[in-house]
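Asks:
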Amino acid sequence: MTQRLRVGILGCGAIAPAYLKNLTGDLSALVEIAACADLDLDLARKRAEEFRVDNVVTAEEMLSDAGIDLVVNLTPAPAHFKTSLQVLQAGKHLFTEKPLCLTLEEGRELLDTAERNNVQIGGAADTFLGGSFHSCSKLVQEGAIGFPVVAHALITVGTFDSMRYHKVFSGSLLDLGPYYITAMIMLFGSVKRVSGIADVRFPEKVDGQSGERFSLDRASTAVASLSFESGVVATVIATEDVHNYFPSVEVFGRTGRMKLSDANMYGEKVSVETNQEKRSINPSSNDGYISKGRGLGVAEMALALKDGRSPRASGALMYHVLEAMLAVYESSKSGVSMTIESRAEPFRPLQDSELKSILGT
């Protein structure tokens, strides 16, 4: 491996500019973007020109290039399993957008393939590496709200009439749920048990743009209760059937309440309320935090590979989150709560030396 990890971007759609901006900018100390690939080579060329990436290649050329160490998979969710498997089989490290894949069988095959080929998997949700989550974790550890008892996550996506959102992003729970569930896992430990209600209330919808009628094979509203190893119980509401975007994670303790305004972001405001005070925290680099956005997990993974360890936003964590999310649908179908078999590693805050390595300061 070269001094900087040589990275290929696979999939140059809407999310790619956010990654490329940071990984060719503030998060480039450990990472070099070596190539862009997409089924649409014109789109790949556009991204490469915009962010001064030297090489535009096909996916096959990227996977056969011995000079590329890690591939960032930004393809749509339904393509994650096939493309990620190809990356791992090519002997390359993988960082993938969420979800890891769409079934547990696929997830297990990805983890097993990575182990056989001695490569690592990392991926979103990696927002817990940012300043917002580090602030939340510190507040809980310091007892700012007392002993945590219950939590609530709200994920509303105002795209109820979008066929593309349902078909390509697989709905709000699988699309945005990883950010919120991962945040709670990092605060409260692994999920032990899940109960869910996810009935297909709207089996058919009309696309708002094309007017085309489409069927739903998965519920567009899901409500779940999650039991964590620490004893905390949380509710999660994920829906694309309502108006607009109202994200939040709230934690209620014995002596106060903490709210993270959006677990989908890295540097959002955190508020705390007790009988004695109300205050807001806006995390910044002055507090020793990183809030650089998409690509932070890739940079941390580059550091992990350099140090010979697993990334914090690991494949095992992604699999655990996937198991918890799919259990919501299984519980709704069976009418019983589901036991979660997998476990996630506890949260490890980024240390000052690691922050300096990631930022090259």
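With the first letter of the sequence shown counted as 1, position 9 gets the number 9 in the UniProt record's numbering; the numbers rise by one all the way through.
We put the CB at the ideal spot given by N, CA and C, even for glycine.
Please read these numbers as outputs of a predicted model, since none were measured by experiment.
1. Identify, in the order they occur along the chain, each residue of the same chain with its Cβ nearer than 7 Å to the Cβ of residue 362, setting aside the five sequence neighbours on each side.
2. Please determine, among S337, M318 and I181, the residue with the shortest C-alpha to C-alpha distance to T96.
3. According to the neighbour-count rule (16 or more other Cβ atoms, all chains shown, within 10 Å of its Cβ), is N244 buried or exposed?
4. Look at the alpha carbon of V200 and the alpha carbon of A48, and state the distance between them as a whole number of angstroms.
5. By Cβ distance, which residues of its chain are closer than 7 Å to C36, with the 5 residues on each side in sequence left out?
6. Would you list the residues sitting across from E50 in a DSSP beta bridge?
7. Could you round the C-beta distance between A324 and I181 to whole angstroms and report it? I think they count as a contact, below 8 Å.
8. Specify, as a first and last residue, the run of the beta strand (DSSP E) that G8 falls within.
9. If you follow the alpha helix (DSSP H) that A344 is part of, which residue opens it and which one closes it?
10. CB-CB under 8 Å to I15, same chain, minus the five flanking residues each way: which ones, in chain order?
11. Are the CB atoms of I121 and L94 nearer to each other than 8 Å?
12. May I have the straight-line CA-CA distance separating M1 from E330, to the nearest angstrom?
13. Just reading off the alpha helix (DSSP H) that P178 is part of, what are its end residues?
14. Quick one: what's N55 bridged to in DSSP?
15. Going by DSSP, name the residue or residues bridged to G253.
16. Just checking, does the region 185-197 make contact with the region 159-172 on the three C-beta pairs under 8 Å criterion?
Replies: On the basis of the data shown:
1. Residue 362 lies beyond the stretch modelled for the chain, which goes from 1 to 361, so this question has no answer here.
2. If you number the sequence shown from 1, residue 96 lands on position 96. Of the listed residues, the one whose Cα sits closest to T96 is M318.
3. Reading the sequence shown from its first residue, position 244 is the one you call residue 244. Per the 10 Å Cβ criterion, exposed.
4. Position 200 of the sequence shown, counted from the start, is the residue given in the question as residue 200. Position 48 of the sequence shown, counted from the start, is the residue given in the question as residue 48. The alpha-carbon atoms of V200 and A48 are separated by roughly 41 Å.
5. In the sequence shown, residue 36 corresponds to position 36, counting from 1. Cβ within range, chain order: I9, C12, A44, R47, A48, V53 and V56.
6. Mapped onto the sequence shown, residue 50 falls at position 50. None, per the DSSP bridge assignment.
7. Within the sequence shown, the letter at position 324 stands for residue 324. Within the sequence shown, the letter at position 181 stands for residue 181. That pair is a contact at about 6 Å.
8. For this step, residue 8 is matched to residue 8 along the sequence shown. Counting along the chain, the beta strand (DSSP E) containing G8 begins and ends at L5 to L10.
9. In the sequence shown, residue 344 corresponds to position 344, counting from 1. Unbroken run through A344: none, as it is neither H nor E.
10. The residue labelled residue 15 in the question sits at position 15 within the sequence shown. Hits under 8 Å: L74, E97 and R294.
11. Here residue 121 is taken as the residue at index 121 of the sequence shown, counted from 1. Here residue 94 is taken as the residue at index 94 of the sequence shown, counted from 1. Contact: yes.
12. As a working mapping, residue 1 is identified with position 1 in the sequence shown. As a working mapping, residue 330 is identified with position 330 in the sequence shown. Unreliable positioning characterises M1 in this predicted model, as indicated by a pLDDT of 44, which lies under 50. The coordinate reading is nonetheless provided below. If I take the Cα positions, the gap works out to 43 Å.
13. Here the question's residue 178 lines up with position 178 in the sequence shown. Taken as a continuous stretch (DSSP letters only), the alpha helix (DSSP H) holding P178 covers G171 to F188.
14. Counting from one through the sequence shown, the residue named residue 55 turns up at place 55. Partner(s): A35.
15. On the sequence shown, position 253 is the one that residue 253 refers to. The partner list for G253 (beta bridge, DSSP) reads P148.
16. no
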